[in-house]
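Trainee: Encoded as structure tokens, here's the structure I'll be asking about.
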Amino acid sequence: QEKNGCARRLYVRQNRGNYFGMKDAFSRTIDYMRVSLTDRCNYRCVYCMDECGVEKKSHDDILSFEDVMTIIRAFHNLGGKKVRFTGGEPLLRKNAADLICSVKKELPDLCIGLTTNGVYLPKYIDKLSDCIDGLNVSIDSLSDEIYNKITRGGNLECAIQGISAAKNSGIKNIKVNAVLMKGVNDDVSAFSEFAKKHDVKVRFIEMMPIMNEHAFHKYFLPADIFVKENDMKFLRRENKVDVYMTKDGVEIGVIAALQSKFCSSCNRIRLTADGKILPCLHHDVFVDVKPYLADGNVEDAILKAVEIKPREHLIEKGVLQKINMYGIGG
Ligand code: SAM
Ligand code: SF4
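If you're matching positions, the sequence shown starts at 93 in the working numbering and goes up one per residue.
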């Protein structure tokens, strides 16, 4: 096994100059890692988390920031180009902004993204503005009341203040993500007005069935029905995002996470806060990085995860993820 690990490392090193990245068994280049810093959250969104929240993990179960840094360093060494910090709510973890800045300082060529519900942005944006290349803020409704209901207690104004703080700090690439919910946020007009007013890109994401059976059955709305009901005109595809023009003349993105199968172009792996490297969002397979950290060969853990990356998700055949979305990070 160790021999194989060495061979894999050698292979990657020898080929770095040629293709700069890891290839999986289906010739996909894997150069993007989503890193969850915590599974805890200040919200309890109905499609993501139970009302009672998350069972608190012991300190020993969670990767230290040194461990996270070691894993990101190894990923970069193997040709990783992009890391996105997520959670739970990533900014809820103490010193998260410092970690993000340390990563940027040490690995300036790594593209760094952050996905957040926005609430803590005003507090940390001064630190973050020079360290992140892109920011995604999740806002599922532009009605105070509905936003409060979806998040189970959240305050829409706080999220909007987070976006304003990010804009004022000079961050350019700000996207607002909304999980599409039948009968809840499926009228695009408020979002297209918001996109225009705040000069941000809005994207609707099809809800995924990840440990949320009740909410999924109640709220799932296929992207094509949303597009048709809002009379949106298809413009172009940008990676996984279908860009449409609304009746108000605003571009809105739609990510048909279920209807379109993006697996053939998937370039990601995911790291959970408790040290699992997941090669697929929808398969319950992972590599526990902790023993590799202890042995000092984290690159092997990453390569193993890439090696076992499934060809495609099999949601339609009932193969579902068994880790909650707040534990994975989207
Ligand atoms: N707390 C942060 C936030 O809400 O942006 C980061 C973590 S959250 C798990 C990451 C993204 O996953 C958010 O945009 C959230 O809306 C989305 N998400 C959560 N559960 C989902 C589901 N079942 N289907 C689709 N997107 C989901
Ligand atoms: Fe928290 Fe984000 Fe999940 Fe909402 S979607 S409960 S904000 S982790």
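Here a beta-carbon is modelled for each residue, glycine too, at the ideal position from N, C-alpha and C.
Here the structure is a predicted model, which means the values were calculated and not measured.
(1) Within 10 angstroms of the Cβ of Arg328, are there 16 or more other Cβ atoms? Answer buried if so, exposed if not.
(2) Which residue spans inside the segment 227-255 form an unbroken alpha helix (DSSP H) run of at least 4?
(3) The alpha helix (DSSP H) that contains Ile163, what's its start and end?
(4) Could you have a look at Asn269 and say whether DSSP puts it in helix, strand or coil?
(5) Which residues mark the beginning and the end of the beta strand (DSSP E) in which Met337 is found?
(6) Using a Cβ-Cβ cutoff of less than 6 Å, which residues in the same chain neighbour Gly205 once the five nearest sequence positions on both sides are dropped?
(7) Here's the rule I'm using: 16 or more other beta-carbon atoms within 10 Å means buried, otherwise exposed. How should Val379 be labelled?
(8) Note down the Cα distance separating Arg108 from Gly172, rounded to an integer number of angstroms.
(9) Taking C-beta to C-beta, are Leu213 and Gly245 nearer than 8 Å?
(10) May I ask you to check if the CB of Gly179 is nearer than 7 Å to at least one heavy atom of the ligand SF4?
(11) Could you check how far apart the C-beta atoms of Val390 and Ala166 are, in whole angstroms? I think they sit under 8 Å.
(12) If you reduce the DSSP assignment to three classes, tell me which class Cys133 lands in.
(13) Pick helix, strand or coil for Leu373, following the three-state DSSP scheme.
(14) Say the cut is 7 Å; is the CB of Asn322 nearer than that to a heavy atom of the ligand SF4?
(15) Any heavy atom of the ligand SAM within a distance shorter than 7 Å of the CB on Thr208?
(16) If you drop the 5 nearest sequence neighbours on each side, which residues of the same chain put their C-beta closer than 8 Å to that of Glu181?
(17) Sort out for me which residues DSSP pairs Tyr124 with in a bridge.
(18) In terms of residues, what are the limits of the alpha helix (DSSP H) holding Cys193?
(19) Can you look up Glu305 in the DSSP assignment and give me helix, strand or coil?
(20) Less than 7 Å separating the Cβ of Thr130 from some heavy atom of the ligand SF4?
(21) What are the start and end residues of the alpha helix (DSSP H) that includes Phe326?
(22) What residues in its chain sit with their C-beta under 6 Å from that of Pro314, if we drop five residues either side in the sequence?
(23) Answer yes if the segment 360-369 comes into contact with the segment 336-347, meaning at least three C-beta pairs across the two stretches below 8 Å, and no otherwise.
(24) May I ask you to verify whether the segment 401-415 touches the segment 184-196, counting CB pairs closer than 8 Å and requiring at least 3?
(25) Would you mind reading off the limits of the alpha helix (DSSP H) that contains Ile297?
(26) What are the boundary residues of the alpha helix (DSSP H) that includes Leu213?
(27) What is the rounded straight-line gap between the Cα of Ser221 and the Cα of Ala189?
Mentor: On the basis of the supplied data:
(1) exposed
(2) Correct list: 236-243.
(3) Segment 157-169, the alpha helix (DSSP H) holding Ile163.
(4) strand
(5) 333-337
(6) Arg176, Gly226
(7) Looking at its Cβ environment, which holds 16 or more other Cβ atoms inside 10 Å, Val379 is buried.
(8) Bear in mind that a pLDDT of 47 at Arg108, under 50, signals an unreliable position, so the model cannot answer this.
(9) no
(10) yes
(11) 4 Å
(12) coil
(13) Leu373 falls in the coil class under three-state DSSP.
(14) Checking the Cβ of Asn322 against the ligand SF4 gives no.
(15) yes
(16) Thr130, Arg132, Cys133, Asn134, Tyr135, Thr208, Asn209, Val211, Tyr212
(17) Lys174, Arg360
(18) Unbroken alpha helix (DSSP H) run through Cys193: 188-198.
(19) In the structure shown, Glu305 adopts helical secondary structure according to DSSP, grouped into three states.
(20) Distances between the C-beta of Thr130 and the heavy atoms of the ligand SF4 are all 7 Å or more.
(21) Where Phe326 is concerned, there is no enclosing alpha helix (DSSP H), although the beta strand (DSSP E) it sits in stretches over 325-330.
(22) Closer than 6 Å at the Cβ level, and outside the excluded window around Pro314, lie Gln351.
(23) no
(24) no
(25) Looking at the DSSP string, Ile297 is not in any alpha helix (DSSP H); the run it does join, the beta strand (DSSP E), is 293-297.
(26) 213-220
(27) Each residue's Cα considered, the two are about 10 Å apart.
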